[in-house]
Amino acid sequence: MGMGAVRWPRQVASAAALTTILAGPPIVLARTVGWPLPTRPTQEQLHQWISDPLTENTLIAGLVLLAWTLWALLASIALRATAARVVKAVRRLRRVPLPTPVQATATGMAGAAALWTPTTSAATVDASTPAPTTTGHQTNPHHQQAAILGVDIPGGWLPADTAQQIAAASALVWLRRRRAYQPQPPGQPRDDSDLTPLPPTVTAVQAATPPATRPTPAPTLVLPTGGIGLTGPGAADAARGILLTTLLQALRPTGHPTTAVITSRADLHRLLGAHTPALHHLPGLTATDTLDDAITTLARTNNPSSTPPTLLTHTPTDPTTAARLATALTHTVGVLIGTWTHGSTWHIEADGHTHPDTSSSDRARLCVLTDTAARDLLTVLAPTPAIPPATAVPRQRPPIPAPPLAPSPPKPLTLQVLGNPTLRAGGTPVPIRRSAALQILVAFAAHPEGRTTRELATSIWPGLAPHTVTRRLYTTLSDLRKDITTTGQPNPIEHTNDRYHLNPQHIDVDLWQLNAAIDHAATALTNHTHAYQAIIDHYTGDIAANHTWPWLDPIREKTRRHVIDAHTALADHTPDPIARLHRLQDALRVDPYNEHLHHLAADTLTALGKPQDSRALLARYHQRLAEAAPTRA
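Each step along the sequence shown adds one to the number in full-length UniProt numbering, with nothing skipped, and position 178 is 178.
In structure tokens, the structure reads:
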């Protein structure tokens, strides 16, 4: 039931009470008593009242007048409160930003989709008051409204549509990693360096960004031609925000390379700090050696038939360079840090608001980022490195064989994290009241060695300082213990050496069984087929399927790769091409975005004399990639 369905009976009751207060007493007094005083008192009545004021009639008249006075007081209070609410509602409506076309949409890991911003040189801004921090785990309507306006992160603020685009680009990073992985035989040394978690600022944006089912993009502020100067405490942060939001536009699919931002390497280093990574491969970014080279490049790329690029630099101190720059920016956009005497200059507050001298509530708010936050967010825009050709590595026999898997005795509790996470006590599902508690259970399953308080806090609530959510973590753990112990089963959560972990004597976890099968297959000397099949049998789905928890992405992908390795190893050991094709099809169901698996299946179809099916398989694969990631994957 929605909140509106809960509120409307209360609103009807309030309206009825207000009507009763305003209309009830006058009707009762008018019909029962009427007006107690004469319309025009005669001289005789006045003399009579002066000589004997306390008569029965005068007392009744006084009581009736008191009743009318009390009613007038209540009516004035009710009307004043109603008028205040109406004025407040009108002011709130004036602050609501007008919607623009949808600019970004993100889905989960199974397939990300992105709708990118229009091809205009624009900086995304919010035209309302500052929004409080959103964590992605709040259900308070105040936090939901804040998420619509924008996202506060450590080191900056992003409008809602920019945050959605970053979340989509982050999902595409993992999609590209899935696509590029080349299966290896189980037990072989494998380079999983590409499974490095995304930077903290990126995960904070992912956690703070609600699902993009109903995106509400912020208004788009079109930057004027001729150049604008940025001054104030937020000038450099706003320039970094403009750099990010403009480069996001370059991710749109086009038939030819698009230059979105032109700047110099010196300007990049001043904006992004001494630890600036190599950004020359970023789509849409052109970095020159000097500002003069940037001006020359701008003149060459300024095509009237296409959207002009944005020049990003610091205000030059040389008058000759400034005059040349002003001429180059006549018909294009330039963002200059510092006062720009040849064009407009905006004063930017630290929170991104422009024109702070005005008292209007609709002043614009630019995306603002510190150098660390900007570096983190720019990493998700980098293209995928070229996939090296696969090399056949002979299987190496491990020196020590692993013992075969033995069935474990039944435990009081069972935790399923493969597929839909579910905790069971004696076969009966245990309701978990808090979503964070469910996330903690999955974290314990993924880390049998346990997690410290700080590790749990930074994983479950990224973007928030661990000390600010410690009390929330303790409350969540306490409620989780209560949810479990109310079933009559022992508490499986233990705290040892500052690490929370699950007691394996009290709980059985399906992921632990899968990991045991993976370890056994990696060290098995004989009966490889049985060992590989055990991995496949234990894998019943992705870890915490349908949950987009940023900390889980590397673990989920690493586990998926082990399962793909088992499928391809069985396919390699299968001499029958039809059976081999079935094995590869099973692997494709585990990861429908892996390129190597599709080529193996296509080659098998060709060997079976089905070239048309082979081409159709690859065509469907490329179509799936185009639908999932309309960026340069």
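Where a beta carbon is used, it is the ideal one built from N, C-alpha and C, also for glycine. Model, not experiment: these values are computed from the prediction.
inquiry  = Comparing C-alpha positions only, which one of L272, L248, T290 and H275 sits nearest to P283?
reply    = For the residues L272, L248, T290 and H275, the minimum Cα distance to P283 belongs to L248.
query = Is it true that the CB of I535 sits closer than 9 Å to the CB of V509?
reply = No.
ask   = Span of the alpha helix (DSSP H) holding A457?
value = Per DSSP, A457 is one residue of the alpha helix (DSSP H) stretching across T453 to I460.
message = Measuring straight from C-alpha to C-alpha, what distance separates Y539 and H520?
response = For Y539 and H520, the distance between alpha carbons rounds to 15 Å.
task = Return the residue from the list I460, T310 and T487 that minimises the CA-CA distance to T259.
result = In this structure, T310 is the residue among I460, T310 and T487 with its C-alpha nearest to the C-alpha of T259.
message = For V151, list the residues DSSP reports as bridge partners.
response = Partner(s): L158.
ask   = Whose C-alpha, out of G334, A350 and D351, is nearest the C-alpha of S344?
value = The residue with the shortest Cα to Cα distance from S344 is G334.
query = Are the Cβ atoms of R240 and A373 separated by less than 9 Å?
reply = With respect to the 9 Å criterion, R240 and A373 are classified as neighbours on the basis of their beta carbons.
message = Between which two residues does the beta strand (DSSP E) holding L311 run?
response = From DSSP, the beta strand (DSSP E) with L311 extends over T310 to H314.
ask   = Do the CB positions of T201 and L377 come within less than 9 Å of each other?
value = L377 is positioned such that its CB atom lies closer than 9 Å to that of T201.
inquiry  = Excluding the 5 residues flanking P421 on each side, which residues of the same chain have their C-beta closer than 8 Å to its C-beta?
reply    = For P421, where only same-chain residues beyond five positions count, the Cβ hits under 8 Å are L415, L438, L441, V442, A544 and H547.
task = Assuming V417 contacts L511 (C-beta within less than 8 Å), just tell me the rounded distance between them.
result = With 8 Å as the limit, V417 and L511 qualify as a contact, their Cβ atoms being about 5 Å apart.
task = Ignore the nearest five residues each way along the sequence and tell me which others in V173's own chain have a CB closer than 7 Å to its CB.
result = These residues qualify, in order along the chain: L198 and V380.
query = Do you know how far the Cα of I295 is from the Cα of residue 634?
reply = Shown here, the chain extends from 1 to 633; a query on residue 634 therefore has no answer.
request  = Give the straight-line distance between the Cα atoms of I262 and A287, rounded to the nearest whole angstrom.
outcome  = Each residue's alpha carbon lies about 6 Å from the other.
message = Tell me the residue span of the alpha helix (DSSP H) that contains Q623.
response = Per DSSP, Q623 is one residue of the alpha helix (DSSP H) stretching across P611 to A628.
message = Using the three-state DSSP reduction, which class does A549 fall into: helix, strand or coil?
response = Before going on, a small fix: residue 549 reads as Trp here, not Ala. Three-state DSSP puts W549 in coil, outside helix and strand.
ask   = Whole beta strand (DSSP E) runs in the segment 433-503 with 3 or more residues, listed along the chain?
value = Within the segment 433-503, the complete beta strand (DSSP E) runs of at least 3 residues fall at 493-496 and 499-502.
query = P429 by DSSP, collapsed to three states: which one?
reply = DSSP places P429 in strand when its eight states are reduced to three.
key: L223 to T246 span [Cα, whole Å]   = Near 11 Å, if we compare the C-alpha coordinates of T246 and L223.
inquiry  = Given this structure, state the Cα-to-Cα distance separating T301 from D293, to the nearest angstrom.
reply    = Approximately 12 Å between the Cα atoms of the pair.
inquiry  = Which of the three DSSP states is assigned to R365 in this structure?
reply    = R365 falls in the strand class under three-state DSSP.
message = Along the chain, where does the beta strand (DSSP E) containing G229 start, and where does it finish?
response = I228 to T231 is the span of the beta strand (DSSP E), which, as asked, contains G229.
query = Would you report the Cα separation of I21 and L149, rounded to the nearest angstrom?
reply = In this structure, the straight-line span from the alpha carbon of I21 to that of L149 is close to 39 Å.
query = Between the Cα of T458 and the Cα atoms of I77, P550 and T320, which residue gives the shortest distance?
reply = Scanning I77, P550 and T320 for the CA closest to the CA of T458 turns up P550.
request  = Buried or exposed for Q206, please, with buried defined as at least 16 other CB atoms from any protein chain shown within 10 angstroms of its CB.
outcome  = Burial state of Q206 is buried, judged by a 10 Å Cβ sphere holding 16 or more other Cβ atoms.
query = In its own chain, which residues sit with a C-beta less than 7 Å from the C-beta of R481, not counting the 5 before and 5 after it?
reply = Same-chain partners within the cutoff: N491 and I493.
Those residues which DSSP pairs with S264 across a bridge = DSSP lists T288 as partners of S264.
query = For H353, which residues does DSSP report across the bridge?
reply = According to DSSP, which records beta bridges pairwise, H353 is partnered with R365.
task = Go ahead and pull the three-state DSSP assignment for H281.
result = Collapsing the DSSP output to three states places H281 in coil.
Contacting residues, own chain, Cβ-Cβ under 6 Å from T196 (five flanking each side not counted) = Around T196, the same chain offers no residue with a beta carbon nearer than 6 Å, after the five sequence neighbours per side are excluded.
ask   = So, helix, strand or coil for G62, using DSSP?
value = Correct three-state label for G62: helix.
task = Would you mind listing the alpha helix (DSSP H) stretches within the segment 182-216 that are 4+ residues and don't spill past its ends, in chain order?
result = Correct list: 200-208.
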